[in-house]
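These notes concern the structure reproduced below.
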Amino acid sequence: APAPPPARHVFSDPAEVEALRGSLLAWYDRCKRDLPWRAVAATELDADRRGYAVWVSEIMLQQTQVATVIDYYNRWMQKWPTLQALAQASLEEVNELWAGLGYYSRGKRLQEAARKVVSELAGRMPRTAEDLQKLLPGVGRYTAGAIASISYGQATGVVDGNVIRVLCRLRCIGADSSSPAVIDRLWAMANVLVDRSRPGDFNQALMELGATVCVPKAPLCGECPVKQHCQAWRRKLFGKPPPVPDVEDCGVGDCPLCPPATEPWDSSLGVTNFPRKAAKKPPRAMRTATCVLERRGCRGAPEYLIVQRPSSGLLAGLWEFPSLPLAQDLQVEKEREELADHLQAWMGRPVAAKGLQFIGEVIHIFSHIHQTYVVYSLHLDGDVTLDPALSPSRWVTEDEFHASAVSTAMKKV
Ligand code: SF4
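In this text, residue positions in the sequence shown follow my numbering: the first is 467, and each later residue adds one.
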C-alpha cells in the first residue's frame, strides 16, 4: 500500500474537520449567490427533475462563467423542462440553443444521455455518483459527484478547478496540481471533508469560496471563513510552515505533495504560491480561408450561404460560411486560388480567384487551437444551384444566420 500522505497535507483531526464544515456552511448560508438551478435543487420535490436541473447547469458551467450560463440555462429549461422533452429534441435545436456557449459536444452529449435515460432507464436518473458516471455519457467524476450530492444528498465530495485551488491552499500542496497523485489526494480530502448532513450545500460552498473569495490572483483572505484552517495563510502571516504536532516538517526532501525543491516558497506570492500547475502546451496555430457568399434573395434582402460541418470533430454539426483549412506558409495569392477552387465545387461553376474580395482576418482561440480565419467575400449575380451531393447547405438572411447553430467564431467573421 502507498505510504500515507504527510500529516501536513491532510485533515486528520476530526474536531478541525467539524469546525471547518460549520464555518463554511454558515458563510454559505449568509453569502451564497442566488442562482436559478440552486432554487430548483432546494425546492423541487421530484428527484428526477432536481437531478436534471443540476445536470444541465453543471454541464453548462464546465469551462464557462456563471454570468454567461444563467441566460442559457433559463432558455434551455424553458424549452426542455424535463429529460423527456430533451430526449425528443433534435441535435439541430440543441446546437441552436447552445450557439455561443462553446465546447459544443457538451450539448450533444447531454441530449444523447437524456435519450438513454428515457429509453434504457425508464426515465429515472441514476441516484449515486458511481451509477451516474457509469451510465451517463459525458458525465465524469466531478459532474456525477455534483449531481449526486446536490440533488440526492449523497455524501460524496467533488473536485473542480475551484476546489483544487482552495484545498491546495488549505493544506499547502505545491506539487503539480494536475498530476494524478495530487488529484487523487484532493479527491480523498474532499470525501473526508464533505458534510454528512448537507453534502450538496457543502460542495457548493467549497466551490463558491473558490469562485468568490479564494480566487486565483488576489484572494480575499481577510474575509475568508476558513482562514483559521488555512496553512497557506498562516505561512504567509508567520513566514514559515505552521508546526504540526508529532510530525516532522516535510517541506524538504522528497515529499510528493510539497513544492518541488527547485521551486520553493516565494514570499512575494503569498498564498498564491498554491496551487502549482505544469506549464500548458501552447495552442496549435491554424489558418482557415472562409468566404461570405452573398446573393440578393427573392424579397430583395441579401442572403448568405452557410454549410454544415461534419457530425464529429471540432464544432460538430454546426453551420459556417464555406471554409477551407490552409497550410501555414501559403502565399496570399495561392490561398485565394485554393479558396476559389473550393468554392467552385459548391457553385458548380468556375469562380475567379480575382473576384474574391479580401475583407480581413479574424482570430478566435479555441481551447487548444489558435485559429486565424482569412475572410473573403463574393457577391453573386443570378441563381446558383447547389450540389445536393455535398454537405447540407442553405441560404439565410442576416437574422436567420444569427438564429442558426453557428459558432461565436463565425459570428465574428
Ligand atoms: Fe484561500 Fe486565503 Fe481562505 Fe486560505 S485564507 S482558503 S488562501 S482565501
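C-beta: ideal position from N, C-alpha, C; glycine also.
Neighbour-count burial assignment, residue i, 16 or more Cβ in a 10 Å radius
i	result
residue 814	exposed
residue 739	buried
residue 482	exposed
residue 824	exposed
residue 603	exposed
residue 764	exposed
residue 661	buried
residue 517	buried
residue 766	exposed
residue 851	exposed
residue 692	buried
residue 658	exposed
residue 651	buried
residue 683	exposed
residue 844	buried
residue 620	buried
residue 617	buried
residue 457	Since the displayed the chain opens at 467 and closes at 879, residue 457 lies outside it and no answer follows.
residue 685	buried
residue 695	buried
residue 640	buried
residue 751	exposed
residue 592	buried
residue 855	exposed
residue 762	exposed
residue 511	exposed
residue 541	exposed
residue 794	exposed
residue 697	buried
residue 577	buried
Same chain only: Cβ atoms within 8 Å of residue i, ignoring 5 sequence neighbours per side
i	result
residue 842	755, 756, 757, 758, 802, 805, 822, 823, 824, 825
residue 532	499, 501, 677
residue 562	869, 870, 871
residue 653	607, 623, 625
residue 572	525, 526, 528, 564, 604
residue 828	838, 839, 841, 875, 878, 879
residue 673	624, 626, 628, 629
residue 558	783, 871
residue 858	773, 774
residue 655	476, 477, 623, 633, 637
residue 810	816, 817
residue 670	494, 498, 504, 616
residue 853	811, 812, 814
Cβ-based neighbour list, residue i, same chain, cut-off 7 Å, excluding 5 preceding and 5 following
i	result
residue 784	561, 570, 775, 871, 872, 873
residue 530	567, 568
residue 550	584, 589
residue 862	769, 770, 772, 870
residue 797	none
residue 489	691, 692
residue 781	570, 775, 873
residue 749	831, 834, 835, 836
6 Å CB neighbourhood of residue i in its chain, flanking five on each side removed
i	result
residue 736	702
residue 575	603, 604
residue 777	783
Handout entry: Meets three-Cβ-pair contact criterion under 8 Å: the region 783–796 and the region 751–765
Key = Yes, since at least three Cβ pairs between the region 783–796 and the region 751–765 fall closer than 8 Å, the two stretches touch.
Practice task
Evaluate the contact criterion for the region 539–547 versus the region 639–657: three or more CB pairs, one atom per stretch, below 8 Å.
Solution key: Not touching, per the Cβ criterion.
Practice task
Please list the segments of the alpha helix (DSSP H) lying wholly inside the region 524–593, counting only runs of 4 or more residues, in order along the chain.
Solution key: Within the region 524–593, the complete alpha helix (DSSP H) runs of at least 4 residues fall at 532–545, 549–553, 557–564, 571–586.
Practice task
Report the residue ranges of all beta strand (DSSP E) runs contained in full by the region 701–787; include only those spanning at least 3 residues, in chain order.
Solution key: Listed in chain order, the complete beta strand (DSSP E) runs (minimum 3 residues) inside the region 701–787 are 750–762, 768–774.
Problem - the region 490–509 touching the region 580–594, judged by at least three CB pairs closer than 8 Å - result: Short answer: they don't touch.
Exercise for the section: Kindly confirm or deny that the region 657–674 and the region 722–742 touch, where touching means at least three C-beta pairs closer than 8 Å. Expected result: Contact between the region 657–674 and the region 722–742 is not established, with fewer than three Cβ pairs separated by less than 8 Å.
Practice task
Could you say if the region 508–526 and the region 606–621 meet the contact criterion of at least three C-beta pairs nearer than 8 Å?
Solution key: A contact exists between the region 508–526 and the region 606–621.
Problem - Cβ contact (3+ pairs, closer than 8 Å) linking the region 625–636 and the region 593–601 - result: Contact between the region 625–636 and the region 593–601 is not established, with fewer than three Cβ pairs separated by less than 8 Å.
Problem - 4 or more residues per run - each alpha helix (DSSP H) lying fully within the region 617–668 - result: Here the runs fully enclosed are 627–636, 646–659.
Exercise for the section: Report yes or no: do three or more beta-carbon pairs, one from the region 476–495 and one from the region 741–748, lie closer than 8 Å? Expected result: As far as the Cβ criterion goes, the region 476–495 does not touch the region 741–748, which means the pair count is below three.
Problem - Entirely enclosed beta strand (DSSP E) segments - the region 782–828, minimum 3 residues - result: List check, beta strand (DSSP E) in window: 789–792.
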